[in-house]
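Going by full-length UniProt numbering, 190 is the number at position 190 of the sequence shown; the sequence numbering is gapless.
Even glycine gets a Cβ: it sits at the ideal position worked out from N, Cα and C.
Note that this is a predicted model, so its numbers are computed, not measured.
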Amino acid sequence: MNPVAPKIRMGFVGGGAGAFIGQAHRQAAGLDGGFELVCGAFSRDPDNNRETGGVLGLAASRCYHDWQQMLDAEALLPLDQRMELLVIVTPNHLHAPIASQALKAGFHVFSEKPAALNLKQLLVLKDDLQGSRCLYGLAHTYLGYPMVWQAREMVRSGVIGQVRKVFVEYPQGWLSQDLAARGNKQAEWRDDPAQSGLGGCIGDIGTHAFSLAEFVVDQPVQQLCAALGTHVPGRQLDDDATMLLKMGGDVSGVLIASQVCTGEENPLKLRVYGDKGALEWRQEEPASLIHRAFDQPLRILRSGIGQPWLCEAATRRMRLPAGHPEGYLEAMANLYGDFARAIRGRIEGPDVPGVPGIETGLRGMAFIEAAILNHRGDAKWTAVQTGESLL
């Protein structure tokens, strides 16, 4: 009989009662039984913080007033009691400062994206990460879907030939109205440059579209031409973006991200066209991957354990036979699963195999800054550079 692997002790910053993303992370982390929540600083509101900890079954002594107190107190506990992994689910401006201090204190970090408020801040975090022996991951959840890995493998193996064109789009409708003026906290902080950064829609969902395209095509976006828009009066940051992309391998692309497409939910969609065929994946139907081959009928590949035509990387991320839906939580759980294997395997940082990390964060932040710079200026194309801040 194989010995039972001990659960990895984790703590949360943010994710108090009423916060969707915190609950999603806890559910995803618990899906495969690899983690145990042992502490948290869930909210700056003392009542919310205390209530959240109580609902989650934590002792009052492990519900901290703020993240600084939590890091200090957990570091003093015996090694077999203290948290091992810190999960950061706060507004953007706190991601990098908390991550840096956690890494210096010897804790692994799994953070919501974007990784920092700006590229300058993120480069400091990169230095702190390289100076530690800890692991770091980013919650680019859509990169956890099995059929996204299948699409990447089919591109890499030449099934669709030489890639020529990419279309990636992420239209949402939830900010079609001025929700911030109505007191919606999620809308409020996303439109505050001090908390969100200089990018609104492009930082929130544009980075998802960007990272999905780079991951599947396996080529970097080298240059972009961007048009950003703000359609709701009084809004400070962009709520709509359209841009042209020049990628490595002579691939051209189009990226659309918008949060004012009334009626839309989360239809993230990627289409990749090569000289021998094409692939199409939709987040709202994640179990299907459409394959169009030259002079052949269209076929739809379906996820599910035991499907012999799927690659190992995709199959390893599936839990159920074909026809049983797996979705967003399972995709996020795949990231947590890879993180757990890395911690148990005592892999020294910074990268976790299978999990987006600091380089994905740098790419995403460089994308945001290049899009803003291009939109503001007169240049036709702006390079996406991770070495230094453009703004």
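- Excluding its 5 nearest sequence neighbours in each direction, residue 335 has C-beta neighbours in its own chain below 6 angstroms: 144 and 355, listed in chain order.
- Leaving aside the five residues that flank residue 277 on each side, the residues in its chain whose CB is nearer than 7 angstroms to its CB run, in chain order, 159, 160, 161, 291, 292, 293 and 294.
- 38 is the residue among 52, 38, 93 and 121 whose C-alpha sits nearest the C-alpha of residue 85.
- Beta-bridge analysis with DSSP links residue 309 to no other residue.
- In this structure the segment 91-110 does not lie against the segment 318-332, because fewer than three pairs of beta carbons, one per stretch, are closer than 8 angstroms.
- Here residue 111 really is in contact with residue 139; their C-beta atoms are around 7 angstroms apart, less than 8 angstroms.
- Assignment of residue 315 by DSSP, reduced to helix, strand and coil, places it in the helix class.
- Given a length threshold of 3 residues, each whole run of the beta strand (DSSP E) inside the segment 190-278 is given here in chain order: 221-229, 240-247, 251-258 and 269-274.
- Cβ-Cβ separation between residue 130 and residue 353: approximately 18 angstroms, too far for a contact (criterion under 8 angstroms).
- Cβ contact annotation for residue 149 (same chain, cutoff 6 angstroms, sequence separation greater than five): 313 and 314, in chain order.
- The three-state reading of DSSP puts residue 64 in coil, since its state is none of H, G, I, E or B.
- Distance from the CA atom of residue 42 to the CA atom of residue 103, rounded to whole angstroms, is 19 angstroms.
- The three-state reading of DSSP puts residue 187 in helix, counting H, G and I together.
- DSSP places residue 369 in the uninterrupted alpha helix (DSSP H) bounded by 358-376.
- A direct Cα-to-Cα measurement between residue 67 and residue 14 gives close to 9 angstroms.
- For residue 110, the beta-bridge partners assigned by DSSP are 87 and 137.
- If you look at residue 337, you'll find it in the alpha helix (DSSP H) that goes 328-344.
- For a cut-off of 8 angstroms, the C-beta gap from residue 202 to residue 8 is around 33 angstroms, too long to register as a contact.
- For secondary structure counted as the alpha helix (DSSP H) over 4 or more consecutive residues, the segment 32-79 holds these complete runs in sequence order: 46-55 and 67-75.
- Residue environment: residue 343 is assigned as buried (16 or more neighbouring CB atoms within 10 Å of its CB, all protein chains considered).
- Annotation: residue 125 is outside any beta strand (DSSP E); the continuous alpha helix (DSSP H) that includes it extends over 119-130.
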